[in-house]
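Residues in the sequence shown are numbered from 496 upward in steps of one, following this note's numbering. Just so you know, even glycine gets a beta-carbon here, dropped at the ideal spot from N, CA and C. Remember, it's a predicted structure, so these values are computed and weren't measured experimentally.
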Amino acid sequence: MMNIHNLSISFQGEYLFEDITFKLGNGDRIGLIGKNGAGKSTMLKILSKEMEPDTGQIAADKELKIGFLKQDIDFVLGRTVLEEAYQAFTEIKELEAKMDGINTQLAERTDYESEGYNQLMIDINEIQHQYEILGGYNYQGDTEKILQGLGFKRPDFDKLTDTFSGGWRMRIELAKLLLQNNDILLLDEPTNHLDIESIIWLEGFLKNYPGAVVIVSHDKMFLDNVTNRTIEISLGRIYDYPKPYTKYLVLREELRTQQLASQKNQQKQIEQTEKLIEKFRAKASKATMAQSLIKKLDKIDRIEVDEDDNSVMTLNFPVSITPGKVVVETEGVSKNYGDNQVLKNINLLVERDSKTAFVGQNGQGKSTLAKIIVGDIKYDGHLKLGHNVQIGYFAQNQAEYLNGSKTVLDTMIDAANETNRSKVRDILGSFLFRGDEVEKYVRVLSGGERNRLALAKLMLQPFNVLIMDEPTNHLDIKSKNVLKEALKRFEGTLILVSHDRDFLQGLTNLVYEFKDHKIKEYLGDIDYYLGQRKVENLREVEKRTVVKDVPKEKEKKHQSYEDQKKLKSLNNRLSNVEAQINQLERDIKAIDLELEINYEAVTSKPNFFDDYQKKKTDLQDLMEKWEVVQFEIDGLGN
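And the structure:
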C-alpha cells in the first residue's frame, strides 16, 4: 500500500529522525508513539504529503486516498453540522449538482423528440447509475449514524458548527474522515476531545477498518484495544513491532535485556583478545599471531544497545501562602446554557489540603463547576472563596490560549513579573525547553510541547489551590508520570477533573461524581469509588447506557412472566435481523468493490441493476424492521 524508504527530516540543523524505513499495509493499525517533540505529528504530515522530507522516498499507489485528522482544524463559518459532515462526499455532491441541472432542463424543455432532449435522458441515466454506485442514496443515513456514534444528537444536526466547542468541531472533522472510505487514516490524538462512549464506538469502528490506520495517542487503553502494531520514534530512530502498546513495551525491554547480556559477553571476549594481543606483541616469534588477532578484533561487529530517551521534565508545585480552613463553599449553585440545564442546586465544601477528583460522563458539568470556582463563567446561587485563597487553574484547552506568533521564551517573559523574570530560563529548562528550543515559535510546537509550556507558565503565578481540567491531554506517558508525582508532592489543595483512572490512582482522597445535574460525594480514593459503583474502570461509569440505580435482578422481578418471555423473543428477533443486516451490508460492499475494479464486466451481467437495487431495498426494509423491534424492546424495558 505504502513504502517509506530512508526518510529523514531536520529542523535547525538537527535531525528529528534519520533514514527511517517501514511499510504500511491493509489491516495495519499502528500506534505511533514517542515523547513530546519526537516527531510523531511531523511523521503524519509527511505521510499525508502535507510536508516534504529532506531525503528519502514514499512509494504509493496513485489512487491511494489518505485521510488526516490534525490537532488544529479550520471550519468554514455558516454551515450546520450536517452540511459540514456532507463535505466528505465531494463526488456525490458534484453529481447531485449535475442531476439538479439536467432535471431542471428536462422540466423546462418541451422538444421531447429532439436529439438534445434524448442526450439529456442518456446523461441523467448514466449520472444516476454513478451516483448509486458511489452510495448517493445512502450517504445521508451513513452520516447521521456516524455523527450519533461520535456523540451528536439529532437536534444538533441543524445547529451551526461555530456554536460548538473546539472538541465537538474535532468530532465533526473525524466524522468526515470516517465517511470518506480512505485507504489510510492518519489520526493525531483522536480521543482527546471524546467522551468514553464515543471512544468505545471509535474503537469498534477502527478495529473493523479494512485499510491502514496510523494513530498518535497517549491513551494506553485505546492503543491496546485498537492497534496491532507499534512504531516508536526515539532519538531519531524507529522501533517497529507487530504488537499493541503494552505488549510492545514488554518485548522492547526483553530485547534491551538481551542486547545488554550479549554486549557484556562480547566485551569480555574483546578484553581477553586485547590481553593476548598485548602479550604476543612483546615476543617476535608471536608477532604474526598478534597481527592475526588484531584483524579478527577489527572485524567484530560491535553489539549496540538501543538507547532510551529518558529525558523528562522536572516539576514541583510550591504552595504560596497558607489559606483558611475552608477553601471553597458553594450553596445552591446552578448553571444553564440556554435550555440545557447542566448543574442544579450544587452544595459543595472544599477544605484546605483536600485532594478531590471530579468524575462523570462528558457534559455533566465537571468543567463547568471548575470554571465557576475560578470565576470564568456566570452562574446562579452563591459561591465563597476562603481567606487567602490563591487559585492556579489549568483549563482543558489551556494550550489554545497561547499566542502562536510568540516564541517560547517571549511567552514566559511576558507572563512573568519582576520577582520571577530572572528564573524564566531555569523554569523552561526544567520543562525540557533548552538551548535554541526557547526561540521556537509556539505555532510550531507539538500538542504535548504546548501543554508543557502552559504548565511552565502556570509556575509563574502564586497559588495554594490547584484546579486542573484534563491536564494529561497531549502529554506523553513519561510526562504524565512526572506530573502525577509532582501532584503527589503538592502540599496545597487539589481539584482534578479527569477520566484517566491510572492517573487518578493515589492522587485524591475524595471523589465527586457528576450525574443528572447533581453531584454525589464518595469519601475515598478513585479505587474506593469504583468499588462502590461496582465497576472496574471509569469507562463503565461514563457509558450512557450502563449506569442505572436499580439492579437488573430487581427490575426483572417487576416484569410479569409473559413480559419476560416476550422480551426474550424480541431479543432473538433483533439478533436475527441484525445478522441479516450485517450479511446484506457485506454483500453490497463486495459488489461496490467489484464495480470499482471492473464496472463494465459487472454491469453486463443479466438483471444486475435489478438485483443490486433489491439488495439495497431489502436492507432499508430490515433497518426499518430493526427500529420497530427495538422500539418494542425499549417499551417493555421501561
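Nonlocal neighbours in the same chain, by C-beta distance under 8 Å from residue i, ignoring five residues either side
i, result
"Tyr-510", "Ser-503, Ile-504 and Gly-731"
"Leu-788", "Thr-768, Leu-771, Ile-772 and Phe-775"
"Val-1097", "Ile-1086, Glu-1089, Leu-1090 and Phe-1103"
"Gln-1000", "Asp-1020, Ile-1021 and Asp-1022"
"Lys-1052", "Because Lys-1052 sits at a pLDDT of 42, beneath the cut-off of 50, its placement in the model cannot be relied upon, and the point is left open."
"Val-1045", "Here the model assigns Val-1045 a pLDDT of 37, short of 50, so the residue's position is not dependable, and the following value carries that caveat. For Val-1045, where only same-chain residues beyond five positions count, there are no Cβ hits under 8 Å."
"Lys-1010", "Gly-855, Gln-856, Gln-859 and Val-1042"
Own chain residues within Cβ distance below 7 Å of residue i, not counting five before or after
i, result
"Phe-506", "none"
"Asn-811", "Ala-981 and Arg-984"
"Ile-667", "Val-576, Glu-579, Ala-580 and Thr-656"
"Glu-513", "Ser-503 and Gly-731"
"Met-784", "Phe-775"
"Lys-1120", "Val-1072"
"Lys-1043", "With a pLDDT of 40 at Lys-1043, under the threshold of 50, the predicted position of this residue should be treated as unreliable, though the coordinate-derived value follows. Cβ within range, chain order: n/a, list empty."
Residue from the options whose Cα sits closest to the Cα of residue i
i, options, result
"Lys-648", "Trp-663, Tyr-634 and Asp-657", "Trp-663"
"Gly-870", "Asn-883, Gly-833, Gly-522 and Gly-887", "Gly-887"
"Thr-550", "Ile-499, Gly-520 and Gln-600", "Ile-499"
"Gly-833", "Asn-1004, Thr-658 and Lys-778", "Thr-658"
"Thr-599", "Lys-588, Glu-589 and Leu-615", "Leu-615"
"Val-903", "Thr-537, Leu-940, Gly-1026 and Phe-700", "Leu-940"
"Ile-872", "Ser-829, Leu-590, Arg-1068 and Ala-533", "Ser-829"
"Arg-574", "Ile-908, Thr-1112 and Lys-654", "Lys-654"
"Ile-962", "Asn-898, Thr-851, Val-708 and Tyr-874", "Thr-851"
"Leu-955", "Glu-913, Asn-946, Pro-966 and Asp-995", "Glu-913"
"Val-708", "Met-716, Asp-678, Ile-1014 and His-624", "Asp-678"
"Leu-950", "Glu-589, Ala-910 and Arg-1028", "Ala-910"
"Ile-617", "Ile-597, Leu-750, Gly-930 and Ile-1083", "Ile-597"
"Val-919", "Phe-928, Met-907 and Phe-926", "Met-907"
Distance CB(residue i)-CB(residue j) smaller than 8 Å
i, j, result
"Glu-1008", "Gly-855", "yes"
"Gln-675", "Lys-560", "yes"
"Ile-710", "Leu-838", "no"
"Gln-893", "Ser-862", "no"
"Ile-525", "Thr-722", "yes"
"Asp-719", "Tyr-740", "yes"
"Asn-959", "Ser-815", "yes"
"Leu-948", "Val-937", "yes"
"Leu-673", "Phe-700", "yes"
"Leu-1025", "Ile-1076", "no"
"Arg-1136", "Thr-1003", "The shown model of the chain, from 496 to 1133, leaves out residue 1136, and the question about it has no answer."
"Leu-1079", "Ile-1128", "no"
"Leu-564", "Pro-650", "no"
"His-624", "Lys-975", "no"
"Leu-519", "Met-497", "yes"
"Ser-925", "Thr-752", "no"
Spatial neighbours of residue i in its chain, beta-carbon cut-off 6 Å, leaving aside the 5 residues before and after
i, result
"Ile-868", "Val-823"
"Asn-687", "Asn-968"
"Gly-644", "Trp-696"
"Met-594", "Ile-622"
"Ala-670", "Ala-580, Ile-641, Leu-642 and Leu-645"
"Tyr-736", "Thr-725, Tyr-743 and Leu-746"
"Gly-943", "Asn-531, His-969, Leu-970 and Asp-971"
Assumed close pair residue i, residue j - CB separation to whole angstroms, cut-off 8 Å
i, j, result
"Asp-964", "Ala-865", "5 Å"
"Leu-680", "Tyr-704", "7 Å"
"Asp-971", "Asn-521", "Between Asn-521 and Asp-971 the Cβ distance is about 29 Å, and since that is not below 8 Å, they are no contact."
"Asn-883", "Thr-817", "7 Å"
"Gln-885", "Pro-957", "5 Å"
"Glu-953", "Phe-889", "Residue identity differs from the one stated: residue 953 is Leu in this sequence, not Glu. 6 Å between Cβ atoms; contact."
Heavy atom of the ligand ATP within 7 Å of residue i beta-carbon
i, result
"Ile-1086", "For the ligand ATP, the structure offers nothing, since it holds no ligand at all."
Three or more beta-carbon pairs under 8 Å between the region 540 to 552 and the region 715 to 733, yes or no?
no
_Check whether the region 815 to 829 and the region 875 to 891 are in contact - that is, three or more C-beta pairs closer than 8 Å._
yes
Q.
Check whether the region 551 to 559 and the region 581 to 598 touch, using three or more Cβ-Cβ pairs below 8 Å as the test.
A. no
### Message
Whether or not the region 548 to 555 and the region 632 to 647 are in contact is what I'm after, with contact meaning three or more pairs of Cβ atoms, one per stretch, closer than 8 Å; do they touch?
### Response
no
Problem - the region 623 to 631 contacting the region 839 to 848, beta-carbon criterion three pairs below 8 Å - result: no
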